[in-house]
Amino acid sequence: MSPYVTMILISSLGLGTTITFTSSSWLMAWMGLEINTLAITPLMVKQHHPRATEATTKYFLTQATASGLLLFATLNNAWMTGEWNTMELSNNLSTQMITMALALKMGMAPMHFWLPEVLQGLPLLTGLILSTWQKLAPFTLLYMTSHELNTTTMMILGLTSTIIGGLGGLNQTQLRKVLAYSSIAHLGWVIIIIQYSKTLALLNLLLYVTMTSTAFLTLMTLSTTKINTLSMKWTKTPITTMMAMLALLALGGLPPLTGFMPKWLILQELTKQNLPALATLMALSTLLSLFFYLRLCYTMTLTISPNTNNNMTTWRKKTDQKALPLAMLSIMTLMALPTTPTMMAIMN
Numbered sequence: 001m002s003p004y005v006t007m008i009l010i011s012s013l014g015l016g017t018t019i020t021f022t023s024s025s026w027l028m029a030w031m032g033l034e035i036n037t038l039a040i041t042p043l044m045v046k047q048h049h050p051r052a053t054e055a056t057t058k059y060f061l062t063q064a065t066a067s068g069l070l071l072f073a074t075l076n077n078a079w080m081t082g083e084w085n086t087m088e089l090s091n092n093l094s095t096q097m098i099t100m101a102l103a104l105k106m107g108m109a110p111m112h113f114w115l116p117e118v119l120q121g122l123p124l125l126t127g128l129i130l131s132t133w134q135k136l137a138p139f140t141l142l143y144m145t146s147h148e149l150n151t152t153t154m155m156i157l158g159l160t161s162t163i164i165g166g167l168g169g170l171n172q173t174q175l176r177k178v179l180a181y182s183s184i185a186h187l188g189w190v191i192i193i194i195q196y197s198k199t200l201a202l203l204n205l206l207l208y209v210t211m212t213s214t215a216f217l218t219l220m221t222l223s224t225t226k227i228n229t230l231s232m233k234w235t236k237t238p239i240t241t242m243m244a245m246l247a248l249l250a251l252g253g254l255p256p257l258t259g260f261m262p263k264w265l266i267l268q269e270l271t272k273q274n275l276p277a278l279a280t281l282m283a284l285s286t287l288l289s290l291f292f293y294l295r296l297c298y299t300m301t302l303t304i305s306p307n308t309n310n311n312m313t314t315w316r317k318k319t320d321q322k323a324l325p326l327a328m329l330s331i332m333t334l335m336a337l338p339t340t341p342t343m344m345a346i347m348n
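What follows is the structure, encoded as structure tokens:
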């Protein structure tokens, strides 16, 4: 693909998200989401591989369905209220439909089935954009309308996402599918707290983007997409492999890594809101995700040569990836936990 075309598509991605960020009208927000979808589609299919074509088709049909549902819901809301303002959601049916449409766009359970399959068919860099940047615009709409949304629906979506995100990743051998289920589980944590503390939801999303970016960039540096190739990376690049292991443990939420911060604060807030049962279920669902992160770490660090391995040694190529973004993201992923009071003071 021509660099000029790539630049135009990436600029359109930024434009679509910015339009959604700044819009106070449902019509403009919907237009921003559509620009986002249309801009990333050529980036997904540029590989000219049947798997990439299939993933792009699935993504486009899913996003088109969600956009149609969102447009119908906002039309119905405008018909009932007489205005397109995003803060006016007095119709219960429209509110529920908007919630479902945005959940489908983000890939939350139980509307998550498209996300692992789509991510599996994409290269790691495009998968990184899909897992991070593409979540921002729908999250913004949920953030702006959270005071109008149904609390029970949001709790069900959040709890279901964390449980299914944990269960779905248990038997996966493809790293992109593991990261897809990790994304589903983390979105559940974001959604469950958004009505009680918008600050915590925003902090959780920012840290999720940071940790997921670190994981994707590390896997790109290692040039691996399967679990069985991870076991041969320690002898070649021990430092990068160690960083990958720590990034995965941070995603799992182990202290003293950064991923512990949002889970700790969210469980504390749920307890303050007199929801101890929900907090307990969320904490237990984290153990499911932690299991498959530990499984990956075990594969990377404890199944090294000269143990028996049925995988052929791959040829080492010189990477053209820049080291500075990975280094900065790795520091934020591993060492941001002590800054928790500072972050909360800034965001409050």
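With the UniProt record's numbering, the residue at position 210 of the sequence shown is 210, and numbering never jumps.
For each residue, glycine too, the CB sits at the ideal point set by N, CA and C.
- It is roughly 29 Å from the alpha-carbon of Ala73 to the alpha-carbon of Gly127.
- Here the segment 247-267 makes contact with the segment 191-210; the two share three or more CB pairs at distances below 8 Å.
- In this structure, Gln134 sits near Ile40, with a CB-CB distance shorter than 8 Å.
- Excluding five sequence positions before and after Thr218, the CB atoms of its chain that fall closer than 8 Å to its own CB belong to Thr240, Met243, Ala244, Ala247, Leu326, Ser330, given in chain order.
- Pairwise C-beta distances place the segment 95-111 out of contact with the segment 43-54, as fewer than three of them are shorter than 8 Å.
- For Asn92, the three-state secondary structure derived from DSSP is helix.
- Under the three-state reduction of DSSP, Gln134 is assigned to helix.
- Within the model, the alpha-carbon separation for Leu281 versus Ser231 is close to 33 Å.
- With respect to the 8 Å criterion, Tyr59 and Val118 are classified as neighbours on the basis of their beta carbons.
- When the beta-carbon positions are compared, Leu104 and Ala78 stay at least 8 Å from each other.
- Taking a C-beta distance under 8 Å as the contact criterion, Ile129 and Ile193 do not qualify as a contact pair.
- Under the three-state reduction of DSSP, Lys226 is assigned to strand.
- Here Ser2 carries a coil assignment [DSSP, helix/strand/coil].
- Judged by their CB atoms, Thr333 and Trp234 are not nearer to each other than the 8 Å cut-off.
- With respect to the C-alpha of Glu34, the residue from Leu93, Gly168, Thr62, Asn150 having the closest C-alpha is Thr62.
- Annotation for Pro238: the continuous alpha helix (DSSP H) segment containing it runs 238-252.
- DSSP, reduced to helix, strand and coil, places Asn274 outside both helices and strands of the structure shown, so it counts as coil.
- Annotation: Thr152 to Gly158 spans about 10 Å, alpha carbon to alpha carbon.
- If you ignore the 5 residues before and after Leu290, its C-beta comes within less than 8 Å of the C-beta of Gly252, Gly253, Leu254, all in its own chain and listed in chain order.
- Linking Met28 to Pro341 through their CA atoms gives a straight-line distance of about 37 Å.
- In this structure, Leu115 sits away from Ile227, with a CB-CB distance that is not shorter than 8 Å.
- One thing to note: Gly169 has its Cβ no nearer than 8 Å to the Cβ of Gly188.
- In this model, Met44 and Lys272 are separated by some 43 Å (Cα to Cα).
- Between the alpha carbons of Thr132 and Pro256 lies a gap of roughly 24 Å.
- Listed in chain order, the alpha helix (DSSP H) elements of length 4 or more contained wholly in the segment 122-175 are 124-131, 133-145, 151-168.
- Met155 is the residue among Met155, Met106, Thr81 whose C-alpha sits nearest the C-alpha of Ala277.
- Rounded to the nearest whole angstrom, the CA to CA distance from Met220 to His147 is 40 Å.
- Under DSSP, Ser25 shares a beta bridge with Asn85.
- For the pair Ala336 and Thr81, the Cα-to-Cα distance works out to about 45 Å.
- Following the DSSP letters along the chain, one finds Leu326 inside the alpha helix (DSSP H) bounded by residues 323-335.
- Assigned with DSSP and collapsed to three states, Gln195 falls in coil, not helix or strand.
- In the DSSP annotation of this structure, the continuous segment of the alpha helix (DSSP H) that includes Leu115 starts and ends at 114-120.
- The beta carbon of Ala101 sits closer than 7 Å to those of Ala66, Leu69, Leu70, Ala73, all from its chain and outside the five residues before and after it, given in chain order.
- Contact annotation, Ala137 with Gly16: C-beta distance approximately 7 Å; criterion of less than 8 Å satisfied.
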